[in-house]
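Numbering that gives the first Met the number 0 applies: residue 0 is where the sequence shown begins, and numbers increase by one. Reviewing the structure listed below.
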Amino acid sequence: MAKLPTVRDLVKLYGLSAKATLSQNFIFDKNITDKIVRCAGITAKDALVVEVGPGPGLLTRSILDTNVSNVIALEKDERFLPSLQQLADTADNRLKILQGDALKMPQNKILELANLVPNDPSQRVHIVGNLPFNVATPLLIQWLQQLNRKEGLFGNADVWMTLMFQKEVAQRICAPVNTSERGRLAVIAQTLCKAQIPYVVPSTAFLPKPKVDAAIVQLQPLPSQDIPYTLLEDILRFFFTRKRKSTSHIMNLLQSKLKLAEPIVTDIPNNARPENITNEQFVALANTLRANGVTSVP
């Protein structure tokens with residue numbers, strides 16, 4: 000790329016500042032954004048990288064440094080568009096800017112702008128982002144639903160997500176069985192993906208400095224399964240809203256709510272708590288209920 004002003008200089012040039020209402024925090028150390036990109040495993044061979052919330056564009060620069068040829072930067076805040084466009088102008092048509100809210104953006108717009116053929120399993124797509132903390136979890140839930148349904152970007156068989164969350168949220172997403180951090184999001188994420196935390200980013204790396212550290216979560220899709228996804232979500236809500244109850248109590252209550260003629264047969268231990276139930280046991284329960292004609296849990 001041609002010589003560009005530093006991101007700090009661009010922030011000063013355009014009078015940019017982080018908006019607390021959008022949970023914005025900037026990283027100005029390229030060593031950190033380079034490490035995030037290495038954690039993501041982005042290479043020049045990848046079909047597409049979608050960066051969500053690029054802000055002033057330092058992570059974008061690190062992505063482009065891999066020589067990947069197709070990058071879409073999706074930015075909600077129009078104040079950052081001039082600095083991002085300045086970066087795009089030097090990127091040999093490898094970077095395209097799309098303004099909009101990632102929670103509401105139809106993904107066919109991204110596919111069209113990227114000139115990417117949907118449902119081509121030979122393509123690797125990365126979704127990368129230093130996500131605003133206030134939308135990070137809703138975005139992940141939406142993307143996991145789309146991954147399960149193979150919709151939009153997730154029509155591709157190989158879509159990796161490398162996303163930044165508050166450290167506490169990241170630990171909940173990756174929480175193993177038998178830990179207090181484990182909840183609905185952990186089970187859903189780990190049922191569909193291999194979830195891991197490759198890198199913790201200290202709060203001192205951000206401006207303005209947030210109150211807590213952040214962490215990178217990498218999610219690599221697991222082989223497709225026939226999962227009654229909506230029913231599984233219902234089951235997880237039913238169990239984890241009763242997190243301090245025993246599984247025998249919860250199962251009896253579930254049996255009563257569903258008014259099933261026959262007892263529900265599972266391999267879930269009676270004396271456990273929801274956090275002790277494995278992903279496989281939850282999926283097996285969902286499949287058992289589906290086989291008995293259950294489509295939802297009240």
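Each residue gets a CB set at the ideal place from its N, CA and C atoms; glycine is no exception.
Short Cβ contact (8 Å threshold) for residue i with residue j
{"i": "I41", "j": "I62", "result": "yes"}
{"i": "K193", "j": "Q170", "result": "no"}
{"i": "L162", "j": "A135", "result": "yes"}
{"i": "V186", "j": "L235", "result": "yes"}
{"i": "N66", "j": "N177", "result": "no"}
{"i": "A72", "j": "T89", "result": "no"}
{"i": "P201", "j": "D212", "result": "yes"}
{"i": "A39", "j": "W142", "result": "no"}
{"i": "A87", "j": "K95", "result": "yes"}
{"i": "I126", "j": "V36", "result": "no"}
{"i": "A204", "j": "L115", "result": "no"}
{"i": "I267", "j": "Q254", "result": "no"}
Cut-off 8 Å between Cβ atoms - residues of its own chain near residue i, not counting five sequence neighbours on either side
{"i": "S68", "result": "A43 and R93"}
{"i": "T265", "result": "M250, Q280, A283, L284 and T287"}
{"i": "L97", "result": "I71, A72, L73, E74, M104, K108, I109 and L112"}
{"i": "S245", "result": "N269, N270, A271 and R272"}
{"i": "T32", "result": "I26, L57, L58, R60 and S61"}
{"i": "R289", "result": "P227 and L230"}
{"i": "I140", "result": "L184 and I187"}
{"i": "N278", "result": "V176, V186, Q189 and T190"}
Span separating the alpha-carbon of residue i from that of residue j
{"i": "L230", "j": "L252", "result": "16 Å"}
{"i": "Q122", "j": "Q165", "result": "30 Å"}
{"i": "R243", "j": "I196", "result": "27 Å"}
{"i": "A260", "j": "G292", "result": "12 Å"}
{"i": "T20", "j": "P131", "result": "The predicted position of T20 is uncertain, since its pLDDT is 49 and thus under 50; a value taken from the coordinates is nonetheless stated next. Spanning the two alpha carbons is a distance of roughly 10 Å."}
{"i": "P53", "j": "T240", "result": "35 Å"}
{"i": "E77", "j": "G99", "result": "9 Å"}
{"i": "D28", "j": "E74", "result": "20 Å"}
{"i": "K103", "j": "L138", "result": "10 Å"}
{"i": "G128", "j": "K258", "result": "45 Å"}
{"i": "Q106", "j": "Y198", "result": "28 Å"}
{"i": "E180", "j": "D91", "result": "45 Å"}
{"i": "A214", "j": "V51", "result": "16 Å"}
{"i": "G182", "j": "K149", "result": "24 Å"}
{"i": "Q84", "j": "L206", "result": "22 Å"}
{"i": "V124", "j": "N30", "result": "23 Å"}
{"i": "Q224", "j": "H248", "result": "29 Å"}
{"i": "K210", "j": "P175", "result": "25 Å"}
{"i": "F237", "j": "N133", "result": "25 Å"}
As assigned by DSSP and simplified to three states, the class of residue i
{"i": "T65", "result": "coil"}
{"i": "E274", "result": "helix"}
{"i": "V293", "result": "coil"}
{"i": "Q165", "result": "strand"}
{"i": "A285", "result": "helix"}
{"i": "R236", "result": "helix"}
{"i": "V264", "result": "coil"}
{"i": "R123", "result": "strand"}
{"i": "I26", "result": "strand"}
{"i": "E150", "result": "coil"}
{"i": "N129", "result": "strand"}
{"i": "L47", "result": "strand"}
{"i": "T20", "result": "Any reading at T20 is ruled out, since the residue's pLDDT is 49, under 50, leaving its predicted position unreliable."}
{"i": "Q280", "result": "helix"}
Same chain, Cβ closer than 7 Å to residue i, neighbours up to 5 away in sequence not counted
{"i": "V168", "result": "A135 and T136"}
{"i": "N147", "result": "L191, I226 and Y228"}
{"i": "V216", "result": "L162, F164, A169, I172, C173, A194 and I196"}
{"i": "K208", "result": "S202"}
{"i": "K34", "result": "Y198"}
{"i": "D64", "result": "none"}
Cut-off 6 Å between Cβ atoms - residues of its own chain near residue i, not counting five sequence neighbours on either side
{"i": "K256", "result": "P297"}
{"i": "Q145", "result": "G151 and F153"}
{"i": "D233", "result": "S295 and V296"}
heavy atom of the ligand FMN below 7 Å from residue i C-beta
{"i": "F239", "result": "The ligand FMN is not among the ligands present in this structure, which contains no ligands whatsoever."}
**Prompt:** Quick one: complete beta strand (DSSP E) runs, 3+ long, within the stretch 63-117?
**Reply:** Whole beta strand (DSSP E) segments, 3+ residues: 70-74 and 94-98.
**Message:** Runs of 3 residues minimum, wholly inside the stretch 172-231: which ones carry the beta strand (DSSP E) assignment?
**Reply:** Taken in chain order, the complete beta strand (DSSP E) segments of 3 or more residues contained in the stretch 172-231 are 192-200 and 213-220.
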